[in-house]
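Working notes for the structure below.
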Amino acid sequence: MTSNPDGTMAQLIPVVGTLALLGSALVGGIFFAFSSFVMKALGRLPATEGIAAMQSINVVVINPSFLGAFLGTALLSMGAGGLAVAGWSRPGAPYILAGAALYLVGTVVVTGLGNVPLNDQLATVSATDPSSLEVWEIYLSKWTAWNHLRTAAAMTAALLLALGLLQRAGA
Numbered sequence: 002m003t004s005n006p007d008g009t010m011a012q013l014i015p016v017v018g019t020l021a022l023l024g025s026a027l028v029g030g031i032f033f034a035f036s037s038f039v040m041k042a043l044g045r046l047p048a049t050e051g052i053a054a055m056q057s058i059n060v061v062v063i064n065p066s067f068l069g070a071f072l073g074t075a076l077l078s079m080g081a082g083g084l085a086v087a088g089w090s091r092p093g094a095p096y097i098l099a100g101a102a103l104y105l106v107g108t109v110v111v112t113g114l115g116n117v118p119l120n121d122q123l124a125t126v127s128a129t130d131p132s133s134l135e136v137w138e139i140y141l142s143k144w145t146a147w148n149h150l151r152t153a154a155a156m157t158a159a160l161l162l163a164l165g166l167l168q169r170a171g172a
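With our numbering applied, the sequence shown covers 2 to 172.
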C-alpha cells in the first residue's frame, strides 16, 4: 500500500471508518440498553435474583457476536486511526483519529479497568448469601456509572467518525 493521499490507503479510510462508525454505534446502543433499562430492572429485583441474573449475563456475554462487535470495532478503530494519521493532511483526519481513540479508551480501557473487575468481584459472591446485598448495591452503582461512561464514549466516537467521514466526503 502507498501512503500517497490518492492511493489505496486513502481509499480504505471511508470503508474502515464507516465500519468503525457502525461498530461504535452498535456497541454504544448495547451499552445504552444496559444503562437505560437493564440495570434498572435488575436493581428492582430482590438482590438474590439480580445477582444471579447479572452473573449469568456476565457469562453469556462472552460470545462471538458480542465480542466480535466489541473487539472487532476496536480493531477497526485502530485501523481507522492509523489510516487517519497516515493521511493526516486529508480533511476529516483529526475527527477520525479522535473517534477511533475515544472508542479505544472510552470503551475498551474503561471496560478493562472498570466493568470487568466489578464483574469478577460479583462472580465470587453467592447470590443467596445475605452479605452479598452490600456487594450488589455497590456493584449496581459503580458498574452503571462506568457503563454510562462507555455509552457516552462509544456514541461520541460514532459521531466523531461520522463528522470525519462527512468532512472527507465534502472535500
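Even for Gly, the Cβ is constructed at its ideal location relative to N, Cα and C.
Residue i burial status per 10 Å Cβ neighbour count (16 or more: buried)
i	result
Arg-151	buried
Arg-169	buried
Ile-14	buried
Leu-68	exposed
Val-62	exposed
Val-111	buried
Residue i versus the options, residue with shortest Cα-Cα distance
i	options	result
Ala-75	Gly-113, Ala-87 and Met-55	Gly-113
Ile-139	Leu-161, Pro-15, Asn-116 and Ala-159	Asn-116
Trp-144	Leu-27, Leu-43, Leu-13 and Ala-99	Leu-43
Thr-129	Gly-51, Phe-33, Leu-22 and Ser-37	Gly-51
Ile-31	Leu-46, Met-156 and Leu-161	Met-156
Ala-85	Lys-41, Ala-102 and Arg-45	Ala-102
Gly-73	Gln-12, Tyr-104, Glu-135 and Tyr-96	Tyr-104
Trp-1	Ser-90, Ala-54, Met-79 and Gly-83	Outside the modelled stretch of the chain, which goes from 2 to 172, sits residue 1, for which no answer is possible.
Residue i vs residue j beta-carbon contact at 7 Å
i	j	result
Ser-25	Ala-163	no
Met-10	Ala-87	yes
Leu-77	Leu-20	yes
Val-28	Phe-71	yes
Asn-148	Phe-38	no
Gly-18	Ala-94	no
Ala-154	Thr-108	yes
Asn-120	Asn-59	yes
Leu-161	Tyr-96	yes
Run of the alpha helix (DSSP H) containing residue i, from where it starts to where it stops
i	result
Val-60	48-61
Gly-107	Note, Gly-107: premise wrong, no alpha helix (DSSP H); not H, not E.
Phe-33	9-34
Leu-43	40-45
Pro-118	117-124
Arg-151	133-170
Supposed close pair residue i, residue j - CB separation, criterion 8 Å
i	j	result
Ser-132	Ala-48	Incorrect: roughly 10 Å between the Cβ atoms, too far for contact.
Pro-92	Ala-146	Not a contact, Cβ separation roughly 36 Å.
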